[in-house]
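Worksheet: one structure, shown below.
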Amino acid sequence: MPRSCCVPFCTTNKLKNQNLKFYILPNGSTEPRRRTWWLQAIRREDEFGHLWDPKSKHVYVCSQHFITGLKNEDIAHPDYTPSLFPHKKTKSPRSVLQRLEKEEALGREGFRCAYCKELRLLISKVPPCRRS
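Shown next as structure tokens:
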């Protein structure tokens, strides 16, 4: 069976989208806090309306749900948890960059200039929206 994304309303799988990466959900015993953050971000519910907590080890999130398209291991990086979802209004990479720059200007810990530079580079490659 091909890898498929567990995010609600996301229909990607490895067969249809070979260029995407699929990241396994963090392990509950080795990374419990990160796993909880991922599950809260995904906002998937079980049959009782509670936060979904899958028992399977084979649960994946595709790279479309990460700002840079890649998972990052640094807790201060915006891609430490997935943040782009079709089921809720999500912020564009430009607005995320603006928030990070504001936090950096205020001197708050945890936000690093290197990530702002990385986002600026990615955003410069994305054409602006032409909605009227």
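Residues 7 to 138 in the numbering used here are what the sequence shown spells out, letter by letter.
Even glycine gets a Cβ: it sits at the ideal position worked out from N, Cα and C.
Residue state for I48 is assigned as helix, using DSSP reduced to three classes. In its chain, beyond the 5 residues on either side, A47, V67, H71, F72 have a beta carbon closer than 6 angstroms to the beta carbon of P88. In this chain, the beta strand (DSSP E) harbouring Y66 covers 66-68.
Of the other Cβ atoms in all chains shown, 16 or more fall within 10 Å of the Cβ of P32; this residue is therefore buried.
In its chain, beyond the 5 residues on either side, N19 have a beta carbon closer than 6 angstroms to the beta carbon of S10. Excluding residues up to 5 positions away in sequence, K27, S69, D85 lie with their Cβ nearer than 8 angstroms to the Cβ of L76 in the same chain.
Around the C-beta of H83, 16 or more other C-beta atoms lie within 10 Å, and the residue is accordingly described as buried. Rounded to the nearest angstrom, the Cβ distance from C16 to R50 is 10 angstroms, too far for a contact under 8 angstroms. Looking at G34, R41, L45, the one whose alpha-carbon comes closest to that of L57 is L45. Around V65, the same chain offers C12, I30, L31 as residues with beta carbons nearer than 8 angstroms, after the five sequence neighbours per side are excluded.
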